[in-house]
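Novice: Start counting the sequence shown at 0; every next residue gets the next number (numbering that gives the first Met the number 0).
I'd like to ask some things about the structure below.
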Amino acid sequence: MKQISQINTPINREIVERKIEELEVPEIGNASIREIVQLVSSIEAVTGDRYVRMEMGVPGLPAAKVGVDAEIEALHNNVAAAYPRIDGIQPLKDETSRFVKLFMNIDVKPEGCIPTVGSMEGSYAAFLVCGGCRKERDTALFIDPGFPVQKQQLLVMGQKYETFDVFDYRGEKLRAKLDSYLSKGNINCIIYSNPNNPSWICFNDEELKIIGDLANQYDVVIIEDLAYFGMDFRQDLSQPGVPPYQATVARYTGNYILMISSSKVFSYAGQRIGMIVISDALYHRHFPYLEERLKVHGFGNAIVHRVLYSLTSGTSHSSQYALAAMFKAACDGTFNFIEQVKEYGEKAKIMKKLFVDNGFIIVYDTDLGQPVGDGFYFTIAYPGMTGPELLHKLLYYGISAISLGNTGSTKEGLRACVSHVKRDQFGDLETRLKQFNSDFAEI
Ligand SMILES: Cc1ncc(COP(=O)(O)O)c(C=O)c1O
């Protein structure tokens with residue numbers, strides 16, 4: 000391995016170091032997503048060099064037209080002048096219930112289908128109410144790696160959480176691991192994303208059944224984050240009412256909240272709308288401690304009439320019409336939303352190969368023996384380097400990502416997001432990775 004000082008790196012190292020210093024973060028390898036965004040933008044501005052930017056998880060495709068058209072029409076119909084229903088406009092509630100039936104094969108009444116200002120508000124509301132149901136149940140459990148902002152939400156609320164990295168606990172091993180937390184009696188909910196941000200692993204039915212069985216046994220709520228709904232491209236999940244369906248814990252327990260974001264599947268992140276789908280059983284559950292504290296009857300009412308009312312008093316009226324139209328078109332079979340986002344998987348396939356051909360390894364590489372799918376994110380490591388060290392060095396090569404340490408992973412490596420990398424950058428990526436590998440490979 001060469002000393003970095005002897006190498007002529009693609010990006011001027013003095014400038015990179017100066018910008019890192021200006022950022023005033025203790026260790027750049029552990030910086031947050033937003034800090035890396037700021038850093039890379041400032042290096043690009045000074046050097047004029049274009050980075051292969053893989054740090055941000057934002058959609059890179061145009062917003063779904065059917066949504067945009069419906070939203071414009073709704074605005075012309077003067078919906079902006081009226082407060083929306085807090086629990087959602089009826090067409091959206093009905094279409095969501097239909098959507099989960101046709102794409103997940105589960106039955107949920109429209110009543111439990113509630114719009115939120117992005118899934119971010121959905122998880123905030125869910126954590127708040129799950130954490131207030133029983134006094135002794137004061138802790139959320141993350142099946143990590145995961146989306147860091149959800150832990151920040153608990154921090155802001157002053158609620159506790161525990162977490163473990165699922166890497167070594169796939170399949171049947173998950174049962175004993177979850178049991179070791181649940182048997183202590185302090186866990187009120189379990190949260191995970193599927194497909195998973197950052198690793199793109201997908202729990203299979205065996206694992207979802209384990210999670211569902213334990214939710215029944217210990218009476219905990221499962222918050223299933225479907226921000227990347229249908230995007231396990233290894234199967235065709237795009238046909239309404241036709242199996243296979245999006246995998247879900249809802250098949251194994253009635254104790255669930257699903258979160259369906261419009262941000263990635265419909266490229267609708269800017270309008271900040273998602274749905275929480277509360278099972279019929281949970282919606283009507285009564286928890287004496289919650290009722291005493293929030294002066295309200297029932298779990299669903301606590302979410303709608305206490306938490307969402309207090310936070311945002313509903314979700315923007317016009318975006319509700321947009322989402323209703325997108326769900327309707329998907330259900331009618333006139334809009335194949337999964338086809339639209341397959342581009343992410345195709346780019347991931349090419350990019351993963353470029354990394355692997357140049358000495359990198361995929362960290363989370365399998366789902367119980369099956370290679371992990373190609374999608375919005377993948378995880379990479381370089382032998383002999385810690386995640387933070389790798390991130391720091393890649394910045395000299397015009398490549399940016401975030402450290403896996405930020406996501407609750409115990410593995411050394413980085414999360415790479417494909418959405419903002421343009422196909423015309425693959426050549427740059429290849430050249431830079433080749434140089435990186437020749438500069439750092441152990442001989
Ligand atoms: C796993 C996961 N959950 C939730 C969100 C937030 O979704 P929204 O934009 O609907 O708030 C994201 C966004 O990146 C995500 O990756």
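Virtual Cβ for every residue (Gly too), placed ideally from N, Cα, C.
(1) At a cut-off of 7 Å, is residue 226 close to ligand 1 when judged by its beta-carbon and the heavy atoms of the ligand?
(2) Taking the Cβ atom as the reference point for each residue, do residue 118 and residue 258 lie within a distance shorter than 8 Å?
(3) Could you work out which residue in 395, 403, 262 is closest to residue 386 when comparing CA atoms only?
(4) May I ask whether a heavy atom of ligand 1 can be found less than 7 Å away from the beta carbon of residue 499?
(5) In whole angstroms, what separates the C-alpha of residue 446 from that of residue 160?
(6) Closer than 8 Å is the cut-off here; do at least three beta carbon pairs connect the stretch 54–66 with the stretch 289–304?
(7) Would you kindly work out how many angstroms separate the C-alpha atoms of residue 399 and residue 409, rounded to a whole number?
(8) Considering only their Cβ atoms, is the gap separating residue 150 from residue 141 smaller than 8 Å?
(9) I'd like the ranges of any alpha helix (DSSP H) spanning at least 4 consecutive residues and lying wholly in the stretch 156–210.
(10) Taking 8 Å as the cut-off, decide whether the C-beta atoms of residue 322 and residue 272 are in contact.
(11) Between which two residues does the alpha helix (DSSP H) carrying residue 330 extend?
(12) Return yes when the C-beta of residue 278 is under 7 Å from any heavy atom of ligand 1, and no when it is not.
(13) Using the three-state DSSP reduction, which class does residue 273 fall into: helix, strand or coil?
(14) Quick one: any contact between the stretch 366–383 and the stretch 244–262, if contact means 3 or more CB pairs under 8 Å?
(15) Rounded to whole angstroms, what is the Cα-Cα separation between residue 27 and residue 391?
(16) Which partner residues of residue 369 appear in the DSSP bridge assignment?
(17) Pairing CB atoms from the stretch 288–296 with CB atoms from the stretch 62–82, are three or more of them under 8 Å?
(18) Could you tell me whether the Cβ atoms of residue 213 and residue 178 are closer together than 8 Å?
(19) Taking C-beta to C-beta, are residue 406 and residue 194 nearer than 8 Å?
(20) What first and last residue would you give for the beta strand (DSSP E) that runs through residue 377?
(21) Given 8 Å as the limit, is there contact between the stretch 325–335 and the stretch 82–101, that is, 3 or more CB pairs closer than that?
(22) Can you give me the C-alpha to C-alpha distance between residue 34 and residue 285, rounded to a whole angstrom?
(23) Distance check for residue 247 and residue 253, CA to CA, integer angstroms please.
(24) I'd like to check one pair, residue 337 with residue 249: are the Cβ atoms closer than 8 Å?
(25) Starting from residue 312, trace the alpha helix (DSSP H) both ways and give me its first and last residue.
(26) Checking the sheet assignment: what are the DSSP bridge partners for residue 140?
(27) Quick one: Cα of residue 378 to Cα of residue 199, how far?
(28) Run the CB neighbour count on residue 270, radius 10 Å, all protein chains shown included, and call it buried at 16 or more, exposed below.
(29) Residue range of the alpha helix (DSSP H) that residue 430 falls in?
(30) Sort out for me which residues DSSP pairs residue 52 with in a bridge.
(31) Thinking C-beta only, is residue 317 closer than 8 Å to residue 79?
(32) Quick check: the stretch 422–442 against the stretch 38–57, are there 3 or more CB pairs under 8 Å?
(33) Using C-beta distances below 6 Å, list every residue in its chain close to residue 98, excluding the 5 sequence neighbours before and after it, in chain order.
(34) For residue 414, which residues does DSSP report across the bridge?
(35) When the Cα atoms are used, what is the spatial distance from residue 262 to residue 174?
(36) If you drop the 5 nearest sequence neighbours on each side, which residues of the same chain put their C-beta closer than 6 Å to that of residue 162?
Specialist: By the coordinates alone:
(1) To locate residue 226, count along the sequence shown from 1; it is residue 227. Inclusion of residue 226 in the 7 Å shell around ligand 1 follows from its C-beta lying nearer than that to a non-hydrogen atom of the ligand.
(2) Mapped onto the sequence shown, residue 118 falls at position 119. Mapped onto the sequence shown, residue 258 falls at position 259. Yes, the pair counts as a contact, with Cβ atoms nearer than the cut-off.
(3) For the purposes of this step, residue 386 is taken as the residue at position 387 of the sequence shown. The residue from 395, 403, 262 with its alpha-carbon nearest to that of residue 386 is 403.
(4) Any property of residue 499 remains undetermined from this structure, which presents the chain solely from 0 to 442.
(5) Given that the chain is displayed from residue 0 to residue 442, the structure contains no residue 446 and the question cannot be resolved.
(6) No, the stretch 54–66 is not in contact with the stretch 289–304.
(7) Here residue 399 is taken as the residue at index 400 of the sequence shown, counted from 1. Here residue 409 is taken as the residue at index 410 of the sequence shown, counted from 1. Pairing residue 399 with residue 409, the inter-Cα distance amounts to about 20 Å.
(8) Counted from its first residue, the sequence shown places residue 141 at position 142. Counted from its first residue, the sequence shown places residue 150 at position 151. Yes. Within cutoff.
(9) Segments of the alpha helix (DSSP H) lying fully in the stretch 156–210: 172–181.
(10) The sequence position of residue 322 within the sequence shown is 323, counting from 1. The sequence position of residue 272 within the sequence shown is 273, counting from 1. The answer is yes: Cβ separation under 8 Å.
(11) As a first step, residue 330 must be located in the sequence shown, where it is residue number 331. Its alpha helix (DSSP H) spans residues 316–331.
(12) Along the sequence shown, one-based indexing puts residue 278 at 279. Not under cutoff, so the answer is no.
(13) Locating residue 273 in the sequence shown gives position 274, where the first residue counts as 1. Strand at residue 273.
(14) Cβ pair count under 8 Å is below three, so no.
(15) Within the sequence shown, numbered from 1, the residue matching residue 27 stands at position 28. Within the sequence shown, numbered from 1, the residue matching residue 391 stands at position 392. Rounded to whole angstroms, residue 27 to residue 391 spans 7 Å at the Cα level.
(16) Taking the sequence shown and counting its residues from 1, one reaches residue 369 at position 370. Partner(s): 366.
(17) No, the stretch 288–296 does not touch the stretch 62–82.
(18) Counted from its first residue, the sequence shown places residue 213 at position 214. Counted from its first residue, the sequence shown places residue 178 at position 179. Residue 213 places its beta carbon less than 8 Å from that of residue 178.
(19) The residue labelled residue 406 in the question sits at position 407 within the sequence shown. The residue labelled residue 194 in the question sits at position 195 within the sequence shown. Cβ atoms of residue 406 and residue 194: not closer than 8 Å.
(20) For the purposes of this step, residue 377 is taken as residue 378 along the sequence shown, with counting starting at 1. Annotation: the continuous beta strand (DSSP E) that includes residue 377 extends over 376–380.
(21) Verdict: yes, contact present.
(22) If you number the sequence shown from 1, residue 34 lands on position 35. If you number the sequence shown from 1, residue 285 lands on position 286. When rounded, the distance between both Cα atoms is 43 Å.
(23) Residue numbering aside, residue 253 sits at position 254 when the sequence shown is read from its first letter. Residue numbering aside, residue 247 sits at position 248 when the sequence shown is read from its first letter. One C-alpha to the other measures close to 11 Å.
(24) The residue you call residue 249 lines up with position 250 of the sequence shown. The residue you call residue 337 lines up with position 338 of the sequence shown. Cβ distance not < 8 Å, so residue 249 and residue 337 don't count as in contact.
(25) Taking the sequence shown and counting its residues from 1, one reaches residue 312 at position 313. Residue 312 -> no alpha helix (DSSP H), and no H or E assigned at all.
(26) Stepping through the sequence shown from its first residue, residue 140 is reached at position 141. Under DSSP, residue 140 takes part in a beta bridge, and its partners are 161, 189.
(27) In the sequence shown, the residue the question calls residue 378 occupies position 379. In the sequence shown, the residue the question calls residue 199 occupies position 200. One C-alpha to the other measures close to 8 Å.
(28) Translated into the one-based positions of the sequence shown, residue 270 becomes position 271. Burial call: buried.
(29) Numbered from its first residue, the sequence shown carries residue 430 at position 431. Under the DSSP assignment, residue 430 falls in the alpha helix (DSSP H) whose first and last residues are 425–439.
(30) Numbered from its first residue, the sequence shown carries residue 52 at position 53. Answer is 399.
(31) Translated into the one-based positions of the sequence shown, residue 79 becomes position 80. Translated into the one-based positions of the sequence shown, residue 317 becomes position 318. Between residue 79 and residue 317, the gap from beta carbon to beta carbon is short of 8 Å.
(32) Because the criterion of three Cβ pairs below 8 Å is met, the stretch 422–442 and the stretch 38–57 touch.
(33) Position 99 of the sequence shown, counted from the start, is the residue given in the question as residue 98. So the list reads 326, 330, once near-sequence residues are dropped.
(34) Working through the sequence shown from its first residue, we reach residue 414 at position 415. Per DSSP, 378, 401.
(35) As a working note, residue 262 is residue 263 in the sequence shown. As a working note, residue 174 is residue 175 in the sequence shown. When rounded, the distance between both Cα atoms is 32 Å.
(36) Counting from 1 along the sequence shown, the entry for residue 162 is found at position 163. Contacts found: 141, 143, 407.
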